[in-house]
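> Would you mind keeping the following structure in view while I ask a few things?
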Amino acid sequence: MIYAYYDKKAGDSYLKNKKGLNIFLFVILVICFFTIAWLYPYSLFSIQKSFTYHPDHIVVQEYTKDLNEFKKIHEESLRDDLVSSRTAGVLTMYEQDWFMSDKKIKIHFQDLDVILTEVRNTRNTLLELALNEGYSQEAKEYLKMNIQQLVAIEERIVGLMNSKHHSRSTLILQFKNLQQAFMESLDIYVSFYKDYLLNSSNIG
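Next comes the structure, spelled out in structure tokens:
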């Protein structure tokens, strides 16, 4: 009869090494998972699906100054017409925290849908205003330009929502571009409103 020889010490060492290897591989996988989640904040690997954005301090200061100046103009020139009443609603789109804060702000993936809804509502408001008569030709052009600008902003946001593979560095650039697009939209609306005050008849 042949008896199998079992070296208990060697067997225990093998099991110990195998267990250590499994732990090592698990740790590597966890590190890889969190690294990918950090590099790609909106990817399937990300649990929170959030991205921390830090707007440029000087840009925020200039934008806030321009916005407050426009709000003052609006408050001091209120009329009982459609443009004045709708402008209060339009302003909410230009007062979003993520590009007005000079501190870091977390933007969750679902926030993009909220931002998109705000932009679409504002675009619909501008389309409503555009249907009315009484504007100067220049004011009409400003309205048209801003509607086109908001369509472009919508496309940027939809692009962010449909591209979950974007890296953190890409998102930083895209949000900076999106912020700049909102600022350009405000400039156009301010130009429209000032022309409306000077040259347009009461609307609505």
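Just so you know, we're using this note's numbering here: the sequence shown kicks off at 18 and counts up by one.
Backbone N, C-alpha and C define an ideal beta-carbon position, used for all residues, glycine too.
Does DSSP put Tyr70 in a helix, a strand or coil?
In this structure, Tyr70 counts as strand in the three-state DSSP scheme.
> If we ignore side chains and look at the alpha-carbon of each, how far apart do Ile75 and Tyr152 end up?
Roughly 35 Å separates the two Cα atoms.
> Just reading off the alpha helix (DSSP H) that Lys161 is part of, what are its end residues?
Segment 154-179, the alpha helix (DSSP H) holding Lys161.
> What residue does the beta strand (DSSP E) around Lys123 start on, and which one ends it?
That run of the beta strand (DSSP E) goes 122-125.
> What span of residues does the alpha helix (DSSP H) with Phe192 cover, start to end?
Run containing Phe192: 185-216, per the alpha helix (DSSP H) assignment.
> In whole angstroms, what is the alpha-carbon distance linking Asp204 and Thr104?
For Asp204 and Thr104, the distance between alpha carbons rounds to 14 Å.
> Quick check for students: name the residue ranges of the beta strand (DSSP E) that lie wholly in the segment 84-133, counting only runs of 3 or more.
For the segment 84-133, whole beta strand (DSSP E) runs of length 3 or above, ordered along the chain, are 122-125.
> Among the candidates Gly37, Phe209, Gln197, Ser67, whose CA atom is the shortest distance from the CA of Gln154?
The residue with the shortest Cα to Cα distance from Gln154 is Phe209.
> Within a Cβ cutoff of 8 Å, which residues of the same chain sit near Glu171, ignoring the five residues on either side of it in sequence?
Counting only Cβ-Cβ distances below 8 Å, and skipping sequence neighbours, we find Leu133, Val136, Arg137, Arg140.
> Whose C-beta lies closer than 6 Å to the C-beta of Arg173 among residues of the same chain, with five residues either side of it excluded?
Correct list, in chain order: Leu195.
> According to the neighbour-count rule (16 or more other Cβ atoms, all chains shown, within 10 Å of its Cβ), is Ala169 buried or exposed?
It is exposed - the Cβ of Ala169 has fewer than 16 other Cβ atoms within 10 Å.
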